[in-house]
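Accompanying notes for the structure given below.
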Amino acid sequence: MFVHHTTPDSGMAIMLHRIRILISVALLAATSAFAQLPLTDGSLPSGSMQYTQIVVTTPIPFDSGGRNRVWVYNDLGIGRERTVSHLEPASLQPGVLAQFPLTQVAVQQDSVLTLYARVGQFFRQLGTITPNTQTAVVVDPYDTRPTEIVYSGRIIDAHRADIRITATPPYTGTRRGQSTTSYDAAGTLFIPGYQFNNVARLNTMMVTVDTLRNGTQTLVVRTETRRLTFQQVDSPILLLDHSLVIRTVLRGGVVVAPPDTVRTTAYFGRLTTSVDEVHAGPLPTLSPNPITTDHIVVNGIGFAPQSIDLVGIDGGVHILDTWSIAGTLSLRAWIPPVANGAYSLRLHRSDGRVVALPIIVVR
Numbered sequence: 002m003f004v005h006h007t008t009p010d011s012g013m014a015i016m017l018h019r020i021r022i023l024i025s026v027a028l029l030a031a032t033s034a035f036a037q038l039p040l041t042d043g044s045l046p047s048g049s050m051q052y053t054q055i056v057v058t059t060p061i062p063f064d065s066g067g068r069n070r071v072w073v074y075n076d077l078g079i080g081r082e083r084t085v086s087h088l089e090p091a092s093l094q095p096g097v098l099a100q101f102p103l104t105q106v107a108v109q110q111d112s113v114l115t116l117y118a119r120v121g122q123f124f125r126q127l128g129t130i131t132p133n134t135q136t137a138v139v140v141d142p143y144d145t146r147p148t149e150i151v152y153s154g155r156i157i158d159a160h161r162a163d164i165r166i167t168a169t170p171p172y173t174g175t176r177r178g179q180s181t182t183s184y185d186a187a188g189t190l191f192i193p194g195y196q197f198n199n200v201a202r203l204n205t206m207m208v209t210v211d212t213l214r215n216g217t218q219t220l221v222v223r224t225e226t227r228r229l230t231f232q233q234v235d236s237p238i239l240l241l242d243h244s245l246v247i248r249t250v251l252r253g254g255v256v257v258a259p260p261d262t263v264r265t266t267a268y269f270g271r272l273t274t275s276v277d278e279v280h281a282g283p284l285p286t287l288s289p290n291p292i293t294t295d296h297i298v299v300n301g302i303g304f305a306p307q308s309i310d311l312v313g314i315d316g317g318v319h320i321l322d323t324w325s326i327a328g329t330l331s332l333r334a335w336i337p338p339v340a341n342g343a344y345s346l347r348l349h350r351s352d353g354r355v356v357a358l359p360i361i362v363v364r
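Going letter by letter, the sequence shown gives residues 2 to 364 in our numbering.
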């Protein structure tokens, strides 16, 4: 049996240590109590800004939220970096502004460009452009949230859009969707290397159904998205962005593969300097997409990749060993015999950056 003898001095030290812990907890709770401030216009993208996020596969719990929360996510780990750029209209390509003339700000993550505008009391998504898909809203844009939303506030929005896929052969189609966004939690956030107070959490649930047609062939893609975003009430930077996406693809009314499920967590890494030099360059294009053959052509890449791989939404990586390139404009890659479903074609640059191009395999 071991007996621990406590001297008066050590007893006093233990008591003081406990008092310090209690004070720290009380201060943390008091600080967090101020976090139920409204998310105002200052929390929306506006001028030029660029920062990096670290992308990992660590899951974040979808809990019921609440006031005075303390989120401790210091063990999220190391992953790849992705760049998030807030772009003013002058930084966009003329063709983008011609398609979306009401754009006031754009947000680019990797190779996906999303166009926004403030319309009345709402922050509205006008459309998105990926390397192979352009979504133009023709009736109901997606109101992502009010320009000011208070704690426990909620917005429910239905939206419709036209879709054009610049592939060979081309696809056209429509989108129908509904979303619910709520400011459901507030508190203090810990992520690797940082502690942030006055953090608000937005909880978004969205279901979209895309109907894509090419001649007699019809594809239906149903996507269910659950997303949590954490940011300080006066900053547009997403400190933590977690999503769960379940996608089902049907061809001719028949499911072509089991539903694809992907979980992605991205947390704030650092601000990027020289934000005045942030520009949205031309995006590469893929053909065919959806992939129905054993190869794919990437046009307009602008660089010679060091390596290429194909990543499924389950995280599985397939190295592409057979590919050829003509200058820095056109690349032809042979796709291995993978299961049908949604993938990301990743082109690895010599500077360490990665260009990710979403594709669908249907063959």
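Every residue gets a Cβ at the ideal spot worked out from N, C-alpha and C, and that includes glycine.
- DSSP places Ala-99 in no beta strand (DSSP E) but in the uninterrupted alpha helix (DSSP H) bounded by 95-100.
- As the crow flies, the alpha-carbon of Val-222 is around 35 angstroms from that of Val-234.
- In the structure shown, Gly-43 adopts helical secondary structure according to DSSP, grouped into three states.
- Of the candidates Pro-337, Ile-309, Ala-327 and Ala-340, Ile-309 places its Cα closest to the Cα of Leu-358.
- Taken through DSSP and simplified to helix, strand or coil, Ser-92 comes out as helix.
- If only complete runs of 3 or more residues are kept, the region 155-190 shows the beta strand (DSSP E) at 155-166, in order along the chain.
- Here the alpha carbons of Gly-301 and Leu-330 stand approximately 5 angstroms from one another.
- Sequence-distant Cβ neighbours of Thr-58 in its own chain, meaning closer than 8 angstroms and more than five residues away, are Gly-80, Arg-264, Thr-265, Thr-266 and Gly-316.
- From the listed residues Gln-110, Gly-121 and Arg-119, the smallest Cα separation to Thr-131 is found for Gln-110.
- Taken in chain order, the complete alpha helix (DSSP H) segments of 4 or more residues contained in the region 244-317 number zero; there are none.
- Gln-37 carries a helical assignment under DSSP once its states are collapsed to helix, strand and coil.
- Ranked by how close their Cα comes to the Cα of Arg-176, the residues Ala-118, Thr-224 and Gly-313 have Thr-224 in first place.
- If you look at Tyr-152, you'll find it isn't in any beta strand (DSSP E); DSSP assigns it neither H nor E.
- Here the alpha carbon of Arg-165 sits roughly 14 angstroms from the alpha carbon of Gly-216.
- The beta carbon of Ala-343 lies closer than 6 angstroms to those of Arg-248, Asp-261, Ile-314 and Ile-361 in the same chain, with the five residues before and after it left out.
- Taking 8 angstroms as the cut-off, the Cβ atoms of Thr-293 and Arg-214 do not count as close.
- Counting only the Cα atoms, Val-73 lies some 31 angstroms from Leu-114.
- For Gly-48, the three-state secondary structure derived from DSSP is coil.
- One thing to note: Thr-181 has its Cβ no nearer than 8 angstroms to the Cβ of Ile-150.
- If you look at Tyr-195, you'll find it in the beta strand (DSSP E) that goes 195-215.
- Phe-63 sits exposed, since fewer than 16 C-beta atoms from the chains shown fall within 10 Å of its C-beta.
- Take Arg-155, set aside five residues on each side of it, and the residues of its chain with a beta-carbon closer than 6 angstroms to its own are Ser-183, in chain order.
- By a beta-carbon distance limit of 8 angstroms, Thr-219 contacts Gly-253. Their separation comes to about 6 angstroms.
- In the three-state reduction of the DSSP assignment, Phe-63 falls in the coil class, being assigned neither a helical nor a strand state.
- Cβ-Cβ separation between Val-339 and Leu-321: approximately 11 angstroms, too far for a contact (criterion under 8 angstroms).
- Excluding its 5 nearest sequence neighbours in each direction, Val-256 has C-beta neighbours in its own chain below 8 angstroms: Thr-249 and Val-250, listed in chain order.
- In the structure shown, Thr-148 falls within a coil segment according to DSSP collapsed to helix, strand and coil.
- Per DSSP, the unbroken beta strand (DSSP E) holding Val-106 starts and ends at 106-110.
- The secondary-structure analysis by DSSP pairs Ile-336 with nothing; it has no beta-bridge partner.
- Beyond the five residues adjoining it in sequence on each side, Leu-239 comes within less than 6 angstroms, by CB distance, of Thr-230 and Gln-232 in the same chain, given in chain order.
- Look at Thr-58 here: in three-state DSSP terms it is coil, with no helix or strand label.
- Annotation for Arg-125: the continuous beta strand (DSSP E) segment containing it runs 123-130.
- With fewer than 16 neighbouring CB atoms inside 10 Å of its own CB, Tyr-195 falls in the exposed class.
- Each residue's CA atom was taken as its position, placing Gly-66 and Thr-134 some 35 angstroms apart.
- In this structure Thr-129 is buried. Its beta-carbon is surrounded by 16 or more other beta-carbon atoms within 10 angstroms.
- For Ile-326, the enclosing beta strand (DSSP E) stretches over residues 324-327.
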